[in-house]
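So the sequence shown is numbered by UniProt numbering: it starts at 1 and just counts up by one. Note that beta-carbon positions come from the ideal geometry of N, C-alpha and C, so glycine has one too. Predicted, not measured: the structure shown is a model, and the values here were computed from it.
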Amino acid sequence: MIACCIGRTTLIWTIASIVERLQRLYASQATAEQMTWHANHDGGGSMCHPSDSKAWRHFDRTHPDFAAKPRNIRLGLCTDGFAPHGQYGCAYYCWPVILTPYNLPPDNGDP
């Protein structure tokens, strides 16, 4: 679906819903195994993935029901150009918004 507002700065472009996209991550066995990789990962004291961070462990302690199931998807919302207090420097804006699954390993072995 593509929705555009004439005279406004809104453009929404989606091919599939977020639920369909997340379900596709578990469609193949290889990707499904990678999505639960973080549950058995041991960083060895170094930070190579968000699952090695104090924030990840704090989230696990705060939400034990969610953390108990390694198949639950942890999403990160990434954006550029965000101004939380309305102090904008331009008359126009283009903000890419990316939703990233943090469950995947840092390197899946592809060259």
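Secondary structure of Thr36 (DSSP, three-state): coil. In this model, Thr79 and Thr100 are separated by some 11 Å (Cα to Cα). Judged by DSSP secondary structure, Pro64 falls within the alpha helix (DSSP H) whose first and last residues are Pro64 to Ala67. Taking the Cβ atoms as the reference, Leu104 lies roughly 7 Å from Met35, within the contact range of under 8 Å.
Linking Arg57 to Arg74 through their CA atoms gives a straight-line distance of about 13 Å. Among the bridge pairs identified by DSSP, Thr31 is matched with none. Burial of Ser51 is indicated by the presence of at least 16 other C-beta atoms within 10 angstroms of its C-beta. A straight-line Cα-Cα distance of about 9 Å links Ala39 and Ala67.
Spatial neighbours of Trp37 in its own chain (CB-CB distance under 8 Å, excluding positions within 5 residues in sequence) are listed in chain order as Asn103, Leu104 and Pro105.
Spatial neighbours of Leu25 in its own chain (CB-CB distance under 6 Å, excluding positions within 5 residues in sequence) are listed in chain order as Thr31 and Met35.
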